[in-house]
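Visitor:
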Amino acid sequence: MRTHVTHFTGSQHTTGSALIIALIFTTILGVIAVPSYLQLCSQTYKSSNRAFYNMATMNLAESGVEYAVNAIMSSNENPNYSWADWTIQGSDAQIQLSDHIFIGNITGATNIYIYNYASDAPEVVAKATVVLPSSPPITRYMYARVSASTSQGLFAYGMLTKDFIKASGGVVFDSWNSDPDNDSSTSFIPYSNSVATDKVAIATTGTSDGSITLGSSDVYGTAAIGGSDYSGLYVSWGGQVGPKDINEWDPSDTEELWKKNGWLVSTQTGALSTSFTADFETITAPTLELTHLWSEYKLPYSYDDPATSWNDNKYIDEETIGQQGIATVLNMNELEIKAGATLRIEGDVTINLPNENETTLKVIQGGAIEMASDATLKIYIAGNMEVTGAGIFSEVAPKQLQIWGTGTDTQSINFLNNGQFSGLIYAPNAEVKITGDSDLYGSIVCKNITLTGSGSFRYDQALANYTGDTSTPGPTRVDYVEELVGDERDPYVENLAF
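Just so we're aligned, residue 1 is where the sequence shown starts under the UniProt record's numbering, counting upward by one.
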């Protein structure tokens with residue numbers, strides 16, 4: 001009888017050992033590593049959750065500033081505004097908004113304190129707190145400095161828009177003061193390099209990225225954007241925002257510039273501010289006694305001379321409207337000056353163009369509106385406007401030539417092909433386009449503005465407190481806003497502890 005004996009090789013012993021080792025390793029992994037991994041996941045979740053609510057707390061703080069600014073705006077627009085929900089303490093006002101409820105029993109509250117709430121320059125501090133169930137509360141502070149509407153006019157900014165300001169081609173923005181002695185009886189000072197200043201201010205309430213896009217343009221002054229961070233401003237190589245003299249800048253504004261994609265903005269001098277807000281006045285044409293009612297007015301024109309028997313055709317390419325010392329009011333459907341004709345303005349002339357959704361003012365093809373040195377011209381326009389060349393330019397103080405947009409729909413105002421303009425424009429529903437080497441002097445308030453070419457914009461600082469014939473002095477605005485961190489919070493902790 002033969003006995004069969006099975007022999008186990010060395011490789012089979014090795015395989016068995018490997019299986020045992022793998023089993024032991026798996027057991028260890030299950031006992032030690034998996035709980036550690038789960039703990040890591042839990043910590044990651046908590047960190048992510050806290051980061052999310054950290055941003056939510058920041059949003060609450062910013063909303064607190066906006067809530068306060070809205071109250072200040074309301075009180076400026078309505079003298080009977082009662083501040084009913086606020087607690088008044090002397091010259092200050094405070095309120096707590098505590099109805100913020102998030103998912104999972106997470107709550108938020110915002111304490112808001114306004115210093116000198118009824119003054120021309122109130123200050124706002126908002127403290128937002130979000131309470132989490134399993135970790136310490138999150139707190140953020142925001143500070144804002146506000147200019148109430150009683151402290152400036154509608155043209156406190158050289159250029160103010162609702163949506164955006166976009167420039168390309170190297171536009172130069174600066175300023176001067178046409179009336180430095182604040183005396184309208186003295187001669188105005190025209191712009192020149194010798195009187196130029198770097199006090200221009202441009203601003204938009206737009207919050208999108210690049211809401212102010214400057215390319216290689218230079219803003220010798222300040223810029224303000226509606227967004228909460230610097231992404232609202234785009235400056236490429238060759239452009240700058242801040243004092244014209246770089247020596248006046250803090251060195252930190254220019255160090256390692258090559259890493260900033262050409263960014264050249266003097267943030268340390270306050271040349272850029274964020275979270276900008278402003279309100280816009282609705283413009284209506286004033287009710288005035290008409291001296292003329294014309295369906296349309298066009299130059300040049302021809303007419304039959306009734307003094308002749310053969311009806312000789314006469315060609316008119318120059319005419320005057322108004323008389324010195326006399327107020328003239330005209331209402332018409334269309335005003336057009338072209339083909340080298342000139343309309344001269346004498347005295348105080350007001351023109352109302354009430355038709356919407358059509359181009360009702362054209363100064364084109366070499367046509368021009370020329371003003372006497374002591375004349376004033378106010379144009380209330382609900383439709384569109386087109387100016388080419390130096391069609392509506394006279395060397396007068398910008399305050400003497402005024403364009404008021406009354407359209408309820410979107411209007412277009414175009415200065416094309418090296419257009420020249422010295423005046424003020426207040427048209428909050430207008431889309432403004434400026435092309436070529438156009439030069440504009442004065443102030444513009446509109447929906448949005450696009451500048452192309454290598455022209456210039458010169459803000460007249462004499463317009464800062466001008467309100468025109470409007471019912472309110474000017475827009476409430478946020479001049480400066482920042483988050484308070486560390487010991488920057490200390491002066492406000494006590495007042496916000498309610």
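Note that beta-carbon positions come from the ideal geometry of N, C-alpha and C, so glycine has one too.
Consult DSSP for residue 506 and reduce its assignment to one of helix, strand or coil.
Guide: A query on residue 506 cannot be resolved here, the shown segment of the chain reaching from 1 to 498 and no further.
Visitor: Quick one: what's got a C-beta closer than 6 angstroms to A201's C-beta in the same chain, skipping five residues either side?
Guide: Taken in chain order, the residues that qualify are Y157, G158, G221 and T222.
Visitor: First and last residue of the alpha helix (DSSP H) that includes D490?
Guide: Counting along the chain, the alpha helix (DSSP H) containing D490 begins and ends at D490 to V493.
Visitor: Could you name the residues of the same chain whose beta carbon sits closer than 6 angstroms to that of Y492, not counting the 5 residues immediately before and after it, in chain order?
Guide: Result list for Y492: V125, in chain order.
Visitor: With DSSP as the reference, please indicate the residues paired to E319 in a beta bridge.
Guide: For E319, which the question treats as bridged, DSSP gives the partners L343.
Visitor: Here's the rule: buried if 16 or more other CB atoms are within 10 angstroms of the residue's CB, otherwise exposed. What is V195?
Guide: Flag for V195 reads exposed.
Visitor: Determine the closest residue to V69 out of D85, I114 and N54, with distance taken between C-alpha atoms.
Guide: For the residues D85, I114 and N54, the minimum Cα distance to V69 belongs to I114.
Visitor: Assuming I379 contacts I403 under a Cβ cut-off of 8 angstroms, what Cβ separation, rounded to an integer in Å, is found between them?
Guide: Contact holds; Cβ gap of about 5 angstroms.
Visitor: CB S275 to CB V445, shorter than 8 angstroms?
Guide: Not a contact, by the Cβ cut-off of 8 angstroms.
Visitor: Note down, in chain order, each residue of its chain lying with its Cβ closer than 6 angstroms to the Cβ of V172, except the 5 sequence neighbours on either side.
Guide: Cβ neighbours of V172 beyond the five flanking positions: D218 and S456.
Visitor: Is the beta carbon of N418 closer than 8 angstroms to that of F436?
Guide: The amino acid occupying residue 436 in the given sequence is Gly; Phe does not appear at that position. Yes.
Visitor: Give a yes or no on whether the C-beta atoms belonging to K162 and F280 are separated by under 8 angstroms.
Guide: Yes.
Visitor: Consult DSSP for P242 and reduce its assignment to one of helix, strand or coil.
Guide: It is Gly, not Pro, that sits at residue 242 in the sequence shown. Three-state DSSP puts G242 in coil, outside helix and strand.
Visitor: Identify the residues that DSSP records as bridge partners of G90: which are they?
Guide: Paired residues: none, contrary to the question.
Visitor: What number of angstroms, rounded off, separates the C-alpha of T450 from the C-alpha of G391?
Guide: Rounded to whole angstroms, T450 to G391 spans 20 angstroms at the Cα level.
Visitor: Would A397 and D179 qualify as a contact pair, given that the criterion is a beta-carbon distance under 8 angstroms?
Guide: Result yes, Cβ atoms of A397 and D179 sit closer than 8 angstroms.
Visitor: For E358, which of I381, D348 and I337 has the nearest alpha-carbon?
Guide: Measuring from the Cα of E358, the nearest candidate turns out to be I381.
Visitor: Helix, strand or coil for Q365, going by three-state DSSP, please let me know.
Guide: Note: Q365 maps to coil in three-state DSSP.
Visitor: Between E255, G242, W294 and S82, which lies nearest to T269 when the distance is taken from Cα to Cα?
Guide: With distances taken between Cα atoms, T269 lies closest to G242.
Visitor: Which of the three DSSP states, helix, strand or coil, is assigned to A427?
Guide: A427 falls in the strand class under three-state DSSP.
Visitor: Helix, strand or coil for P300? Go by DSSP, reduced to three states.
Guide: It is coil, neither helix nor strand.
Visitor: Just confirm the distance between the C-beta atoms of G442 and L463, as a whole number of angstroms; I'd bet it's less than 8 angstroms.
Guide: Confirmed, Cβ separation roughly 7 angstroms.
Visitor: Considering only the alpha carbon of each residue, which of V265, Y230 and I345 lies closest to W249?
Guide: Minimum Cα distance to W249 is reached at V265.
Visitor: Could you work out which residue in D99, E488 and T452 is closest to G170 when comparing CA atoms only?
Guide: Residue T452 is the option with its Cα nearest to G170.
Visitor: One question on the structure: do L335 and Y301 come within less than 8 angstroms of each other, judged by their Cβ atoms?
Guide: In this structure, Y301 does not lie closer than 8 angstroms to L335 by Cβ.
Visitor: Nearest CA to the CA of S147: which residue from Y459, N76, D487 and N355?
Guide: It is N76 whose Cα lies nearest to the Cα of S147.
Visitor: For L401 and A203, I'd like the C-alpha separation in whole angstroms.
Guide: C-alpha separation (whole angstroms): 23 angstroms.
Visitor: Going by the beta-carbon positions, is the gap between Y480 and S273 smaller than 8 angstroms?
Guide: Their beta carbons are under 8 angstroms apart, which means Y480 touches S273 by this criterion.
Visitor: Report the rounded CA-to-CA distance for G405 versus G206, giving the unit in angstroms.
Guide: Each residue's Cα considered, the two are about 20 angstroms apart.
Visitor: Just how far apart, CA to CA, sit Q411 and Y426?
Guide: Straight-line Cα distance between these residues: approximately 12 angstroms.
Visitor: Could you check the C-alpha separation between T328 and T291 for me, to the nearest Å?
Guide: So the two alpha carbons sit approximately 6 angstroms from each other.
Visitor: In chain order, what residues of the same chain lie with their CB nearer than 6 angstroms to the CB of G10, ignoring the 5 residues before and after it?
Guide: Because G10 sits at a pLDDT of 48, beneath the cut-off of 50, its placement in the model cannot be relied upon, and the following sentence gives the value as read from the coordinates. Contacts found: none.
Visitor: Just mark D374 as buried or exposed, buried being the case when its beta carbon has 16 or more other beta carbons within 10 Å.
Guide: So D374 ends up on the exposed side.
Visitor: Should E255 be labelled buried (16 or more other beta-carbon atoms within 10 Å of its own) or exposed?
Guide: Classification of E255: exposed, given that the 10 Å Cβ count is below 16.
Visitor: Between P354 and N448, what straight-line distance do the alpha-carbon atoms span, to the nearest angstrom?
Guide: Cα-Cα distance, rounded: 22 angstroms.
Visitor: Taking buried to mean at least 16 other C-beta atoms within 10 Å of its own C-beta, is Y45 buried or exposed?
Guide: Summary for Y45: the model assigns pLDDT 49, below 50, so the residue's position carries little reliability; its value from the coordinates is reported in the next sentence. Y45 is exposed by the Cβ-count criterion.
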